[in-house]
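Asks: Just remember that this note's numbering sits 64 ahead of the position in the sequence shown, which is counted from 1.
No residue lacks a Cβ here, since even glycine has one placed at the ideal position from N, Cα and C.
Nothing here was measured: the structure is a model prediction, and the numbers come from that model.
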Amino acid sequence: MNKQLIECVPNISEGRDEAKIKKITEVVETVEGVKLLDVDPGKATNRTVITFVGEPENVIEAAFRLIKKASELIDMSKHSGEHPRFGATDVCPLVPISGITMEETVKYAHKLAKRVGDELEIPVYCYENAAQESKRKNLANCRSGEYEGLKEKLNNPDWKPDFGPASFTEKVKTTGATAISARDFLIAYNINLNTTSTRRANAIAFDIREAGRIKTEDGSPNGKKVLDANGEPIRIPGKLKAVKGIGWFIDEYGIAQISYNLTNISITSMHVAFDETCKAANERGLRVTGSELIGLIPLQAMLDAADYFLVKQERSLGCSESEKIKIAIKSLGLDELKPFNPKEKIIEYMLEDASNKKLIDLTLNDFADETAAESMAPGGGSISAYVGTLGVALGTMVANLSSHKAGWDDRWEEFSKWAEKGQSYKNRLLHLVDEDTNAFNKIIDGFRMPKDTEEEKTLRAEAIENATKYATEVPFQVMQTAYQSIEVMQAMIKDGLQSSLSDGGVGVLCAKAAVTGAYFNVKINAKDIKDRVFAEDILKKAEDIYQKTAQIEQETINYINSKM
């Protein structure tokens, strides 16, 4: 079963005092199993977005400690800033990341909210999926009136907090209220404009955001509102669903921005919001100059943005992950205001264990030295996987060259699909480079287990057997993947750039070497497996792949020789 992971993204009402921010964020790291991912202060907004992740119980403990510390250090009666707010910890959303449902996350949000209300005596409003009545789903409703209107709000029976005191006590005067939710992954995303006009920035925000703008009789912002039968203002919806937005001026940058919350990126992605904003700005005589990501973003959102802009250029999508990240950054102008470090802004990269050194992260020279060293790993299995990686990398190269060949503009998509396939095979084989060494190490770990008692001997034998099976399955996966990857090279040899014919051929030779090397590893490990049914089955399948690959290799050699 996958480990349950949730993300917590509290926003505190302090963005200028670094010492206070540090004291507040430090408490997160006192909870075992919680990783502090990002601290993003804003001076103009006087607000800091904090992001941490971990297993649910640990995360809500860290969130509680953070809310407590913020309530001790931040005095809301003295706070000012550009961003709407009503509490020291203004909002504290929980976001399901993996292995957990939204319904389960809601229960944790309510558990946290109750504890904050009961123990810290802070009014808590539950919003989004954690809302206990429909009008509280929207954060803007819960926070309406902001801190300055909180006393009146708490006296209104319709706005009694879900948890905590319903009165403006001396403590609440300094802490304000907190909004706690369970929500989908939200991207806080600001788009930069070449203007200082908040009014014009707001006009674009109203064009784009789902809520749009209030309809007026003469169509002007200050005209008489058009009301429905119930006396409520009629709204003209904006272009994009699942988008909230306002315009503001940021002293720190000297420009106006449109500040968006993209509440469901499967409905409206970052790149679509950016492009539609560019269009709306152009129509109003303005220009988008770049953008700013607040907090973290999923890797896939960056890759999707790169693909979107590559398709617009009619360029191959079969480039590396790092290249796509670079394309997304430049296309969206994410580095206009300050450097954009993917290792610090992409959530999957932040979760990587820096202590877990990978072979594939070594330089070519260091990898060769590591292989040559007096140790049994990395061995032939890892090298076979890497040779296969190089083979399909060559095939992918030919696909990318063909996609961009002058005169073949109408075929770019055909070759782009082959390049994407090649990248997929390449990534799988790269993963297997390290996995083969990991599999070997599991066997060593099994042999190191104690064997003093009969029970220990039994457990040790089971561990060795399971590890040996896995150490056979991994090179078999190398065989399968390297064999499948040959389709890329074959297609490029036949239909791709003919000046790169030899590159496609070398790719096939590498794939054959990978299959053969991995086959040797399957055979040598399978002989030690006690479960002979398992062993004979995998050996039979491996022999079939080996024979098919050998035939393709010979056919490829004959074909290329005939063309030279």
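Trp312 by DSSP, collapsed to three states: which one?
Replies: Looking at Trp312 - three-state DSSP - the assignment turns out to be strand.
Asks: Would you mind sorting Val597 into buried or exposed? The rule is 16 or more other CB atoms within 10 Å of its CB.
Replies: Flag for Val597 reads exposed.
Asks: Measure the beta-carbon distance from Ser77 to Ala152 and round it to whole angstroms, keeping in mind my assumption that it falls under 8 Å.
Replies: That pair is a contact at about 6 Å.
Asks: May I ask whether a heavy atom of the ligand MG can be found less than 7 Å away from the beta carbon of Asn530?
Replies: Because no ligand of any kind appears in the structure shown, any question about the ligand MG cannot be addressed here.
Asks: Just how far apart, CA to CA, sit Ile624 and Ser566?
Replies: If I take the Cα positions, the gap works out to 7 Å.
Asks: Alpha carbon to alpha carbon, what distance is there between Ala108 and Ala436?
Replies: C-alpha separation (whole angstroms): 56 Å.
Asks: Is Ile272 near Ala337, with beta carbons less than 8 Å apart?
Replies: Going by C-beta atoms, Ile272 is nearer than 8 Å to Ala337.
Asks: Who are the near neighbours of Ser176 in its chain, counting only those whose CB is closer than 8 Å to its CB and skipping five residues on each side?
Replies: The residue asked about is misnamed: residue 176 is Leu in this sequence, not Ser. Excluding positions up to five away in sequence, the list reads Ile124, Ala127, Phe128, Cys156, Leu158, Ile244.
Asks: Closest to Asp315 by CA distance: which of Pro301, Asn110, Ala590 is it?
Replies: When each option's Cα is compared against that of Asp315, the closest is Asn110.
Asks: Would you kindly work out how many angstroms separate the C-alpha atoms of Met65 and Ile164, rounded to a whole number?
Replies: Because Met65 carries a pLDDT of 44, less than 50, the predicted location of this residue cannot be relied on, and the following value inherits that uncertainty. Met65 and Ile164: Cα-Cα distance of roughly 11 Å.
Asks: Grouping DSSP H, G and I as helix and E and B as strand, with all else coil, what is Leu350?
Replies: Coil, per DSSP.
Asks: Going by the beta-carbon positions, is the gap between Thr260 and Ala320 smaller than 8 Å?
Replies: Cβ atoms of Thr260 and Ala320: closer than 8 Å.
Asks: Which parts of the segment 345-427 are runs of the beta strand (DSSP E), unbroken and 3 residues or longer, counting only runs that do not cross its ends?
Replies: DSSP runs (the beta strand (DSSP E)) wholly in the segment 345-427: 352-358.
Asks: So for Ser231, helix, strand or coil by DSSP?
Replies: Looking at Ser231 - three-state DSSP - the assignment turns out to be coil, as it is neither helix nor strand.
Asks: Nearest by alpha-carbon distance to Met366: which of Val352, Gly349, Asn294, Ile389 is it?
Replies: Looking at the Cα atoms, Ile389 is the closest of the given residues.
Asks: With DSSP as the reference, identify every bridge partner of Leu100, one or two as the case may be.
Replies: Partner(s): Phe116.
Asks: Any idea what DSSP makes of Val95, helix, strand or coil?
Replies: Correct three-state label for Val95: coil.
Asks: Are there 16 or more other CB atoms within 10 angstroms of the CB of Gly295, so buried, or fewer, so exposed?
Replies: It counts as exposed.
Asks: Ser355: buried (16+ other C-beta within 10 angstroms of its C-beta) or exposed?
Replies: That one is buried.
Asks: For the beta strand (DSSP E) that Asn325 lies in, which residues bound it at each end?
Replies: Here the beta strand (DSSP E) through Asn325 covers 319-326.
Asks: Taking 7 Å as the limit between beta carbons, can you name the residues of its chain near Thr460, skipping five residues before and five after?
Replies: Cβ neighbours of Thr460 beyond the five flanking positions: Gly382, Ala483, Gly486, Gln487, Lys490, Val552.
Asks: Does the Cβ-Cβ distance between Asp500 and Gly445 come in under 8 Å?
Replies: Yes.
Asks: Mark Ile298 as exposed unless 16 or more other C-beta atoms lie within 10 angstroms of its C-beta, in which case mark it buried.
Replies: Under this definition Ile298 is an exposed residue.
Asks: Could you check which residue in Tyr317, Leu357, Asn622 has the C-alpha nearest to that of Val113?
Replies: Closest option to Val113, Cα to Cα, is Leu357.
Asks: Would you mind reading off the limits of the alpha helix (DSSP H) that contains Asn625?
Replies: Counting along the chain, the alpha helix (DSSP H) containing Asn625 begins and ends at 596-627.
Asks: In three-state terms, what does DSSP make of Leu158?
Replies: Of the three classes helix, strand and coil, the one that applies to Leu158 here is strand, per DSSP.
Asks: Just list the residues that DSSP pairs Thr280 with in beta bridges.
Replies: BP columns for Thr280 point to Lys289.
Asks: How would you write the range of the beta strand (DSSP E) that Ile138 sits in, first residue to last?
Replies: Counting along the chain, Ile138 falls outside any beta strand (DSSP E), and DSSP gives it neither H nor E.
Asks: What are the boundary residues of the beta strand (DSSP E) that includes Ser638?
Replies: Since the displayed the chain opens at 65 and closes at 628, residue 638 lies outside it and no answer follows.
Asks: For my contact list, Ala449 and Val542 are in at a C-beta cut-off of 8 Å; report their separation, rounded to the angstrom.
Replies: The pair is a contact, with the Cβ atoms about 5 Å apart (cut-off 8 Å).
Asks: With Thr89 and Leu100 assumed to form a contact (beta carbons below 8 Å), what rounded beta-carbon distance in angstroms separates them?
Replies: The Cβ separation is near 6 Å, so the contact holds.
Asks: What does the Cβ neighbour count give for Gln377, buried or exposed, with the cut at 16 atoms within 10 Å?
Replies: Burial call: exposed.
Asks: Relative to the C-alpha of Leu69, which candidate in Leu257, Gly79, Val98, Lys515 has its C-alpha closest?
Replies: Measuring from the Cα of Leu69, the nearest candidate turns out to be Val98.
Asks: So, with DSSP's three-state summary, where would you put Asn254?
Replies: Asn254: strand per DSSP, three-state reduction.
Asks: Buried or exposed: Phe511, going by 16 or more other Cβ atoms within 10 Å of its Cβ?
Replies: With fewer than 16 other Cβ atoms within 10 Å, it is exposed.
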